Structures are given as C-alpha cells and as structure tokens.
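The block underneath contains the structure these notes are about, expressed in structure tokens.
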Amino acid sequence: MVHIKLVSKDGKDQEIHDVSELEKRVKERKAAAVKINGHSADLNRIPSLKDSDIVEIIPLDSDEGKEIYRHSTSHVMAYAVKNLFPDVRIAIGPSIQDGFYYDFDIDRTFTPDDLATIEKQMQTIISKNPPFVRKEMTRSEARSLFEKLGEPYKVELIDALKDDTVTLYEIDGFIDLCRGPHLESAGRITAYKLLSVAGAYWKGDENNKMLQRIYGTSFSKASDLKKYLLFLEEIKKRDHRRLGKELDLFSVNDEIGAGLILWHPKGSIIRKSIEDFWRNEHLLADYQILYTPHIAKLKLWEKSGHWDFYRENMYSPMDIDNVAYEVKPMNCPFHIAVYKTAIRSYREFPVRYAELGTVYRYEKSGVLHGLLRVRGFTQDDAHIFCREDQIEDEILHVLDFTLSVLKTFGFDDYNVFLSTMPEKYVGPPEIWERSTNALKRALNEKKIAYEVDPGAGVFYGPKIDIKVKDSLGRQWQCSTIQVDFNNPERFDMTFRGSDGRNHRPIMIHRALMGSLERFIGVLIEHYGGAFPLWLSPVQLSVMTIADRHRAYAQTMVDTLKQRGIRVELDAENEKIGNKIRKSTKRKIPYAVVIGDKETSEANVMLRKRNGENIGPFSPEELLSLLQDEINTKK
RNA sequence: GCCCAUGUAGCUCAGUCGGUAGAGCACAUCCUUGGUAAGGAUGAGGUCACCGGUUCAAUCCCGGUCAUGGGCUCCA
Numbered sequence: 002m003v004h005i006k007l008v009s010k011d012g013k014d015q016e017i018h019d020v021s022e023l024e025k026r027v028k029e030r031k032a033a034a035v036k037i038n039g040h041s042a043d044l045n046r047i048p049s050l051k052d053s054d055i056v057e058i059i060p061l062d063s064d065e066g067k068e069i070y071r072h073s074t075s076h077v078m079a080y081a082v083k084n085l086f087p088d089v090r091i092a093i094g095p096s097i098q099d100g101f102y103y104d105f106d107i108d109r110t111f112t113p114d115d116l117a118t119i120e121k122q123m124q125t126i127i128s129k130n131p132p133f134v135r136k137e138m139t140r141s142e143a144r145s146l147f148e149k150l151g152e153p154y155k156v157e158l159i160d161a162l163k164d165d166t167v168t169l170y171e172i173d174g175f176i177d178l179c180r181g182p183h184l185e186s187a188g189r190i191t192a193y194k195l196l197s198v199a200g201a202y203w204k205g206d207e208n209n210k211m212l213q214r215i216y217g218t219s220f221s222k223a224s225d226l227k228k229y230l231l232f233l234e235e236i237k238k239r240d241h242r243r244l245g246k247e248l249d250l251f252s253v254n255d256e257i258g259a260g261l262i263l264w265h266p267k268g269s270i271i272r273k274s275i276e277d278f279w280r281n282e283h284l285l286a287d288y289q290i291l292y293t294p295h296i297a298k299l300k301l302w303e304k305s306g307h308w309d310f311y312r313e314n315m316y317s318p319m320d321i322d323n324v325a326y327e328v329k330p331m332n333c334p335f336h337i338a339v340y341k342t343a344i345r346s347y348r349e350f351p352v353r354y355a356e357l358g359t360v361y362r363y364e365k366s367g368v369l370h371g372l373l374r375v376r377g378f379t380q381d382d383a384h385i386f387c388r389e390d391q392i393e394d395e396i397l398h399v400l401d402f403t404l405s406v407l408k409t410f411g412f413d414d415y416n417v418f419l420s421t422m423p424e425k426y427v428g429p430p431e432i433w434e435r436s437t438n439a440l441k442r443a444l445n446e447k448k449i450a451y452e453v454d455p456g457a458g459v460f461y462g463p464k465i466d467i468k469v470k471d472s473l474g475r476q477w478q479c480s481t482i483q484v485d486f487n488n489p490e491r492f493d494m495t496f497r498g499s500d501g502r503n504h505r506p507i508m509i510h511r512a513l514m515g516s517l518e519r520f521i522g523v524l525i526e527h528y529g530g531a532f533p534l535w536l537s538p539v540q541l542s543v544m545t546i547a548d549r550h551r552a553y554a555q556t557m558v559d560t561l562k563q564r565g566i567r568v569e570l571d572a573e574n575e576k577i578g579n580k581i582r583k584s585t586k587r588k589i590p591y592a593v594v595i596g597d598k599e600t601s602e603a604n605v606m607l608r609k610r611n612g613e614n615i616g617p618f619s620p621e622e623l624l625s626l627l628q629d630e631i632n633t634k635k
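Now the structure itself:
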C-alpha cells in the first residue's frame, strides 16, 4: 500500500494508493509526462514511485506537454537523419514555439527532397514504436561515450554541464544527451511535418561553425497539425511583400538600394492618411510638431554618445567642406537643439516635441525584410522634457495616448515589457533605479500587466516596449517609451526651476508606431490587405453597365471626389462581372454599379467587398454613409 | 556579415542535358454594350539580374558581384 498524492491544477487533489490506478489516470488524462515532487519525469518512472510522492500530470495539450511531445519528435528526427546520413554529427534539438528544430553538422546540404526522405524514415521509426529509455551516467562516462560515438558537439555540451551525473535517452540504439522528460515511446508521435532547412551558428555565435538546422513541428492530433499548416498558409497569403506587390503599395529597387522603400501612389495615400491622423492626435494631446534636417556634423553624434554606442548602426561620415557629417540614425539631438534655443522654465513643462523623422541605420544585408526591416525609415518620434518628478505622470500620459492610437488600428490586445539596465550603460545607477521605478509605478497605476526584460534597456535609460497582437495572434513590437537622463547631461540642458535656479530636465523618447514602414507592413498583414475605409487607397469603385451610363457615373464620381472620397470610375469596355472581380481583387471596400435602373431612379445599391449588398441609397445618403465610416475609422 | 536556395515579359511561372525563349494574367487595338468574381479576336512586350571565364557558340557550364527568400545574429 502506497500513499501517492495526485495534485491537479483545478485544486482537486487526490490520494492514490495503487500504482496501476495512477497509470489508469495518466492514460485518461493523455499525459505527456508527470511531475514528481515538482520535477518533471517520464511516465515510465511511475512504477518506481515511492510512498508519499506527490505527482502531477502534464497533459499533452498543455504548454509543457507540447514541449515534451515536440522535443521527442526532434529526437526521432535526429535518429532518422543519423540513419540516413551516418556521418552526420548531431548538435542540439530543442522544442520551440510551435515546433522544434535540430542542428546538424554534415558535409552535404539538405534539400527539400531530403526533408521528405527524412519524414519517411521517421515514419519507419515511429511505426516500430521504440521506447525512449532514460539512462543516467557520470559526466566522464557520458563524455567518453560521445567521444567514441564521434559526437564532438555533445562532448562540448557535456563539458559545459555542472552536474556530476548526466541523463541520456536512447531510442532503438540511438543515444542522445538530454535532460528529458520524453514520451514513453516514439509510437505516440502521430502528426508531424518538417518545414524548412536553414543555416544556424553553433550556439548562435557567428564565430562558430555554421550548422544546418531542420525546422519541424508536431501535434498530438492530426487535425491540429492541419490547422497549423493552414495557419502558415494564411500567413503566406497575408505576407505584406506579396500584398504590397499585388495591391501596388510599395517596392524596393536594386538600382536604388536594398532596404530603401519606394512608396507607390496607393501606398502613399495609406501612409498620408496615417500621418494626418497622427499629426491631428498629437496636436490634440499637447505635442508640438517639428521638422529637422537629415544630416548633422559628426561632432554632434560624438557629443550625443551615438558615435560611441551606436556606431555599428550608423553610416560612414560624408565630407562637406572638410567637415565630417553623418546621416541621422535618430532624431533626438535635433529636438534637444530646438529645446536649447531658449531658456526654458518649469512653467512650460512638460515640453513635448514630435516629429515624423526619417532616419537611416545600417542593417546587415541578411536581416532586411520587406517593410519590416529596412535601412531608411520614418519614426513617429517624440521627445518629452520634464522634471524627474513628472516622469510618472508623463509615462501615464504617453501610455494612454499610445493605447488609444493603437486601438484605432484594431490593436487592443498587447503585451508590455519593461527593460532594465543593460551591460553597456551610462549614468549613475541610482537614477536608473529611480526612473525604472517610475516606469513600474506608472504601469501599476494603469493596472497594465508587464514582464520584466532584464538588461534589455537602451544605453541611456530603461524603457517600456509594447507588443501588439495582430488579427492572427502574432506579436509585433511597435511602441517604445524610453527614459533618458544621459542626453540632457551631455548637452547640458537646463530649465529654470521655481527656486530661480537651473536644473537638469529628464528626457523621454517615445514612438507609438515605431516606424511608419514597419507599422504599415504590420497593418497590411493585420488587415490582410483589406484596409478599413479610412485607410483604403481607393474607397469606392463606381462601375458602369454600358457606355450610355458613363455620363451619369462620371457626375457621381466628380461629386464624391469633391467631397473627399477616394473614388474611381470603371467605365471600361468590359462586362460588369469583370469589373466586380477587379475591384474585389484590389480589396476596394465598396462598389456601386450604375445601369439603367440607377440612372432613372437616382438610387444606388452599395456592394461591400465581401459581396454583400446594402441599400438602396440616394447619392446624399451614400456620401454621408461613407463620410461617417471614414470619420469613425471603423 | 554568415550558411543555403533563388533571380527568365509589368506579375505568377514553364523551358533550353550549350545552337539567342514560352504560357496565363496584365497591357494595346478591334468586335461586342453585356446587371454583381474572368465575353471574343488580334497584337505588342524579354541582351533570360549584372560582370568576367570556358567554348565555334552561353540564358543554360564555371567564377565573381548585386538582389531576393529561409534562418543565425540584431532591432523600429
């Protein structure tokens, strides 16, 4: 008779006195593994449970369960690769978000055909249902084992371990160093798919050898795998680079340069709509708007510290009349210069300067990616100058403002991160401490849950980053709020306090959208190219049935255009089905068909891009309906 | 920057085991004037990314460059 406590997340703990009873429960609950006294363990450890052990089931569909499942899949994949390519050296193969990978060192390159072959080999392994057998041995035993097996990466991993005993798992003779736990046998793996091959440095260090990484994913239910693969397809369909081309929004050009965006007319009008909105909101929120130059003397950047701390992202200086100039990677020094054109008083605080400032930063060629990662971009930047005791209020103000702007774009789900002092930092640690606390207090006041990201702050101060979730649930970092007590010092900024003496202001940098390029890239994917009316490049397409309807349709288009609607006339020599199709493919929100009926009745039906018809509306009703939807930004 | 893959008409892609290329869509002209996701015909469009090498001959083979994509790393 044993006494085992089975604990569960819902609080319904149970005493179990029979190991077979526990095994039954484990099956019922579709466990991936268990936790014994808080430590995760394989299911086949259950028979050796001791009296008064506390057991918790890790279900397959929990995050931890999925991790175990995928980790086991990655072992099977490594085994399959080793079978097919005996001279491969295996490196490391963890589970990751939505899947797993395994890194291999091999003299040939894996091709997509290889992936299919490896998948087949995995199936062969899985169908034999070999158990995952856990082994323990001393470090030196394990070390010599892997040396004998010709696995230098495993040896290196073992050397980095601190424990005296290490654990290994064996499936069908294939031994891998692994902490575990694992599924009890490979046969439990039912739905998996290898997705891609890519290069990856050993331990992520570019000084190390480049290995080949195979990415894959696995699910305990085939339907979940299918759902995930459909999700990947949906991501592809929404890819902003693809939609940007299809909808004629932007391009990049070899002759001009990588990472430099050409905004086409359709993309520019989206951008202009966002910029207009942005400026209006900033004026309403008591910001003052600035315009500043694109280059400045190198000396300025030396003074600001960018040349010391940010040089690897800056372009080489250019020579102007024997003086070195730099294209700007940031806007802050310019805003500081504006601040310093007068003696400032605490009475004007907080001073909030905002600018849509275009900056240029060097990015390694391999990281450039459509609109999301570019070399020239426009920040929706602002700098707030205030007293240290105003930080908290200002952060609150910025948070409110940011969240309301993000909400306009349908982002009302987000995660917040607080980044603290990094290794390379400037300024006294006490000020870091105080301003980090001010950020914390503001977040707490707003009751915003946040995660601390230790050491991820900028060199000049702590920051709050906001990651929004798009319509597919993916996270994007756009907004950032950064405290800076370094630049006011460097530029000897002052303000006259109520005591008549000069004091040092605090500076807050913030961007809501981050960069317009990136933000619009995110928006394209978020909306899948089907922009809300206020952002749509063409808001309404008016199409004629026959040539005799052209004059009436033209009048209507002219009238709407005069009233600010972005409307296009399609009076081409085509059938109405063709015109509808074109307008739908371009994701134009509304279409109006003008035929005999409309010309005689002076009423129109409005066709939404999803095919639904609403109406009929008189021309005035149509106009006010459109204007209302544009104004409310729905 | 590094590893791998890719670069053919405006777009999406075929193709040539070395003898200077083809489809669909888009575009132009003509016919058709048709009521809610593709009417028909005809036509125009390409130094096959760029530079060099091998060859009688290169879009194809080789080398380099640039760009794009998947990653590593970094970040707005």
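In our numbering, the protein residues as written are 2 to 635.
Built from N, CA and C at the ideal position, the CB exists for glycine as well.
Quick caveat, the model's predicted, so the values are computed rather than measured.
So is residue i buried or exposed if we call it buried at 16+ other beta carbons inside 10 Å?
| i | result |
| --- | --- |
| residue 231 | exposed |
| residue 124 | exposed |
| residue 464 | buried |
| residue 580 | buried |
| residue 266 | exposed |
| residue 211 | exposed |
| residue 615 | exposed |
| residue 40 | exposed |
| residue 556 | exposed |
| residue 455 | exposed |
| residue 85 | exposed |
| residue 224 | exposed |
| residue 152 | buried |
| residue 572 | buried |
| residue 214 | buried |
Mapping the DSSP letters down to three states, classify residue i as helix, strand or coil.
| i | result |
| --- | --- |
| residue 275 | helix |
| residue 122 | helix |
| residue 64 | helix |
| residue 477 | strand |
| residue 101 | strand |
| residue 232 | helix |
| residue 17 | strand |
| residue 88 | coil |
| residue 402 | helix |
| residue 216 | strand |
| residue 251 | strand |
| residue 364 | coil |
| residue 620 | helix |
| residue 132 | strand |
| residue 149 | helix |
Rounded to the nearest angstrom, what separates residue i and residue j at their Cα positions?
| i | j | result |
| --- | --- | --- |
| residue 296 | residue 331 | 10 Å |
| residue 440 | residue 553 | 60 Å |
| residue 355 | residue 568 | 32 Å |
| residue 450 | residue 416 | 8 Å |
| residue 423 | residue 459 | 7 Å |
| residue 542 | residue 236 | 28 Å |
| residue 462 | residue 187 | 50 Å |
| residue 322 | residue 299 | 13 Å |
| residue 412 | residue 520 | 12 Å |
| residue 161 | residue 145 | 15 Å |
| residue 155 | residue 486 | 46 Å |
| residue 626 | residue 620 | 10 Å |
| residue 507 | residue 515 | 21 Å |
| residue 301 | residue 317 | 14 Å |
Tell me, please, which residues DSSP counts as bridged to residue i.
| i | result |
| --- | --- |
| residue 510 | 384 and 483 |
| residue 175 | 172 |
| residue 298 | 326 |
| residue 496 | 504 |
| residue 156 | Partner(s): none; residue 156 has no beta bridge. |
| residue 211 | 202 |
| residue 370 | 374 |
| residue 418 | 452 and 466 |
Indicate, with yes or no, if the ligand MG has a heavy atom lying under 7 Å from the CB of residue i.
| i | result |
| --- | --- |
| residue 22 | This structure lacks the ligand MG; in fact it carries no ligand of any kind. |
Let me know the alpha helix (DSSP H) ranges lying completely inside the segment 420-485, each 4 residues or longer, listed in chain order. Restricting attention to alpha helix (DSSP H) runs no shorter than 4 residues, the segment 420-485 encloses them at 430-446, ordered along the chain.
Write down every uninterrupted run of the beta strand (DSSP E) in the segment 312-339 whose length is 3 residues or greater and which is fully enclosed by it, in chain order. With a minimum length of 3 residues, the unbroken runs of beta strand (DSSP E) contained wholly in the segment 312-339 fall at 319-321 and 324-328.
Quick check for students: name the residue ranges of the alpha helix (DSSP H) that lie wholly in the segment 518-605, counting only runs of 4 or more. Restricting attention to alpha helix (DSSP H) runs no shorter than 4 residues, the segment 518-605 encloses them at 551-563, 577-586 and 597-602, ordered along the chain.
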